[in-house]
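Residue numbers (the working numbering): 247 to 613.
Just so you know, even glycine gets a beta-carbon here, dropped at the ideal spot from N, CA and C.
As the structure is a prediction and not an experimental result, all values here were calculated from the model.
Just below is one structure, and these are the notes that go with it.
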Ligand SMILES: *Cc1c(COP(=O)(O)O)cnc(C)c1O
């Protein structure tokens, strides 16, 4: 190519999003497709959020408020922090990138689990940092091993809790011990994209007592439990001095007006959140029971998805399910070649998913 990209981005592999429903409908020429691939909320979004966004449509000729006033005040109220501790983002993906650009000099290291959410690596590499990857142990983050990778160039460390794609968690006591052993100058980025779904009371929750440790940056999102993935709105809570740096480098209008209004309203819709949790929890229980009866190994999940072992190349099963209009995720690209990750859907979607899966497995048996 005539135009040579920066060398530090040369080996970045592009983010692979879940297959869009419309694309599958077009390709297979079928009407009824369900998507259980991207950990989205199966109930849609909060009616209060939809209404707030719709009301905002009449002033879309205006720029959004750069400070996201209503949204950040609602968050400050909820978590008993000051708005100075909050950074809003175009999804939490945006904030991951801001952290990397704000705190990594070329060659600085960011310790992260392997496999992990691809945006950590993309954020770190575009900021000319170096990802240092630490393999999971028993499908969970290996804090001891991560600690061993912390060196003089380490600037930040990523914790995902609950973990995507396995649904495992970091426990409060383990996390506290871990922090004690970490140097003072390292940002501990705790990505809690799925924490609303967790039922295990021993899980570490960084916002139970926010801002106790100035190194901790909490990432949260409206994309999952609040059902606003399409709006793109996330936030982070952190020490004021860290927040100042991120505000300096973020785009002034990084959360659009509709998303600001939807986010603020969604926070107040406790009914919708409770409904979401209830559907998700009964869905997790349903899949666990069904997989148990089918003799399939599955991981106990504290998130809104579940990983199941097909004991064979899972992309084949993925493809078979796709042909029946059920989109799930093969975990091959995550290094779990025989696993699928299934996002919890509505009761009907979950049942259809299991029945399609059973059909495929039975067909294989009788071959
Ligand atoms: C979905 C997800 C996010 C949230 O992404 P948004 O940009 O807020 O939509 C963050 N971290 C992990 C691990 C996720 O799976």
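Burial state of residue i, where buried means 16 or more other Cβ atoms lie within 10 Å
i	result
residue 398	exposed
residue 401	buried
residue 455	exposed
residue 505	buried
residue 226	In the structure as shown, the chain starts at 247 and stops at 613, and residue 226 therefore has no counterpart that could be examined.
residue 405	buried
residue 682	No information on residue 682 is available, as it lies outside the stretch 247 to 613 that the chain covers here.
residue 431	exposed
residue 256	exposed
residue 423	exposed
residue 261	exposed
residue 290	exposed
residue 309	exposed
residue 562	exposed
residue 247	exposed
residue 560	buried
residue 612	exposed
residue 318	buried
For residue i, the three-state DSSP class (helix, strand or coil)
i	result
residue 534	helix
residue 259	coil
residue 273	helix
residue 295	helix
residue 332	strand
residue 593	helix
residue 604	helix
residue 308	coil
residue 389	helix
residue 465	strand
residue 281	strand
residue 383	strand
Whole beta strand (DSSP E) elements within the segment 479–532, 3-residue minimum: 480–483
message: In chain order, what are the residue ranges of uninterrupted alpha helix (DSSP H) at least 4 long that sit wholly in the segment 324–370?
response: 338–349
query: Does the segment 484–494 come close enough to the segment 336–349 that 3 or more CB-CB pairs lie under 8 angstroms?
result: yes
task: Within the segment 537–588, note down every full alpha helix (DSSP H) run reaching 4 residues or more, in order along the chain.
output: 560–569
query: Going along the chain, which unbroken runs of the beta strand (DSSP E) with 3 or more residues stay wholly within the segment 391–460?
result: 400–406 and 433–437
query: Is there contact between the segment 274–293 and the segment 386–394, where contact requires at least three CB pairs shorter than 8 angstroms?
result: no
message: Taking contact to mean 3 or more Cβ pairs, one atom from each stretch, closer than 8 angstroms, check whether the segment 576–591 and the segment 534–554 are in contact.
response: yes
message: So, does the segment 604–611 touch the segment 283–303, judging by three or more C-beta pairs under 8 angstroms?
response: no
Meets three-Cβ-pair contact criterion under 8 angstroms: the segment 465–475 and the segment 511–522: yes
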